[in-house]
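Here is the structure we will look at.
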Amino acid sequence: MLLRLACASLVVACAMSGAERGEEIRLWPNGAPGSVKETAPEVFAASDNPKLPKQFTVVHYPSVYAFLPPKEKANGMAVVIAPGGGHSQLVIAKEGWDIAEWMNNQGIAAFVLKYRLAKAKDSHYTVERDALADTTRAMRLVRSRAKEFGVDPARIGFIGFSAGGYLAALIETRFDAGNDSSPDPIERAGSRPDFDIIVYPGYAAGSITVPKNAPPAFLACADNDPSHVVTTVNLYLDLQKQGISSEMHIYASGGHGFGIKPSALPVSSWPDRLKEWMVERKFLKQ
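The sequence shown begins at 246 in the numbering used here and counts up one residue at a time.
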């Protein structure tokens, strides 16, 4: 059942100290650029947990949901998670909450991104203006509050799936060091991820130009996901041309949207390969 609820009633404004798991933090407390005048409610599908919807089909108030691991397990690493959904919805349970749970089990702080949807009904948003702005702001927010969240500002990465994988590809290539003169402390933080995880990404050919200072990347896709495997391989080759450290895994089967849940297929081992990569790259400290 689709429910409508103004975001203001969802957002908890308290600081993260003692915060509940899954607390929502609005990226721009006074409204996102391009959405300031929005008064329409967001649209989402409810789940068993009233604080964590199953999916969103309308987003006007971009935010992150913070999932911090237990202090005794935390290792100082953090990741921003962008679910997919073809830019018309956010598959936030399968490619958000499930991913956050896995990350927390590794001792990694997770921040699930709720970004604006360019292809939602009657949407006036675009991917490269609004969704990318949300992505960039999320990276800045986590880094600017790293001490509060108990994370190392030099070990904050990004992971995206499908449409969120496009955002992962964009933040891999379009980032900056922040604006030191900004009165907003979030805008003073850099947006470059320290590492990037790109899973079955979908994006338009020619929309990505890899710079020489792009972060190291991990890519995964299934061979029987025809259009997305092509973009995955092309991005890997573009990274290699610029000398960017990267690792790619293409599995024979799995289709599109295999997520992180275990299955009988070899593709379900990709999180193990990811963990090995994060350890080898010294982002994940065990």
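Yeah, the Cβ is synthetic: ideal placement off N, Cα and C, and Gly gets one too.
By the three-class DSSP mapping on this structure, what secondary structure does residue i have?
i, result
"residue 485", "helix"
"residue 312", "strand"
"residue 324", "strand"
"residue 411", "helix"
"residue 281", "coil"
"residue 354", "strand"
"residue 513", "helix"
"residue 432", "coil"
"residue 506", "coil"
"residue 381", "helix"
"residue 477", "helix"
"residue 441", "strand"
"residue 341", "helix"
"residue 392", "helix"
Among the options, which residue has its Cα nearest to the Cα of residue i?
i, options, result
"residue 367", "333, 342 and 395", "333"
"residue 455", "526, 403, 323 and 482", "482"
"residue 474", "451, 453, 501 and 452", "501"
"residue 295", "464, 271, 338 and 323", "338"
"residue 400", "528, 270, 425 and 269", "528"
"residue 376", "425, 300 and 308", "308"
"residue 268", "313, 299 and 301", "313"
"residue 509", "518, 517, 516 and 499", "499"
"residue 310", "351, 352, 280 and 394", "394"
"residue 449", "331, 378 and 341", "331"
"residue 323", "513, 398, 346 and 516", "398"
"residue 317", "470, 385, 350 and 472", "350"
With a CB to CB cut of under 8 Å and the five nearest residues on each side skipped, what residues in its chain are close to residue i?
i, result
"residue 285", "303 and 305"
"residue 281", "275"
Identify, in the order they occur along the chain, each residue of the same chain with its Cβ nearer than 7 Å to the Cβ of residue i, setting aside the five sequence neighbours on each side.
i, result
"residue 421", "435 and 436"
"residue 424", "432 and 433"
"residue 519", "442 and 463"
"residue 298", "289, 290, 291, 292 and 337"
Let me confirm a value: residue i is counted as buried when at least 16 other C-beta atoms fall within 10 Å, else exposed. Which label applies?
i, result
"residue 446", "buried"
"residue 287", "buried"
"residue 451", "exposed"
"residue 383", "buried"
"residue 274", "exposed"
"residue 355", "buried"
"residue 357", "buried"
"residue 525", "exposed"
"residue 438", "buried"
"residue 378", "buried"
Starting from the C-beta of residue i, find all residues in its chain whose C-beta is less than 6 Å away, skip the five residues before and the five after it, and write them out in chain order.
i, result
"residue 380", "412 and 416"
"residue 507", "513"
Given 8 Å, three or more beta-carbon pairs between the segment 370 to 379 and the segment 287 to 302: no
At least three beta-carbon pairs within less than 8 Å, the segment 430 to 437 to the segment 386 to 401: yes
At least 3 beta-carbon pairs within less than 8 Å: the segment 488 to 503 vs the segment 451 to 463: yes
Inter-stretch contact at 8 Å, needing at least 3 Cβ pairs: the segment 321 to 330 / the segment 402 to 416: yes
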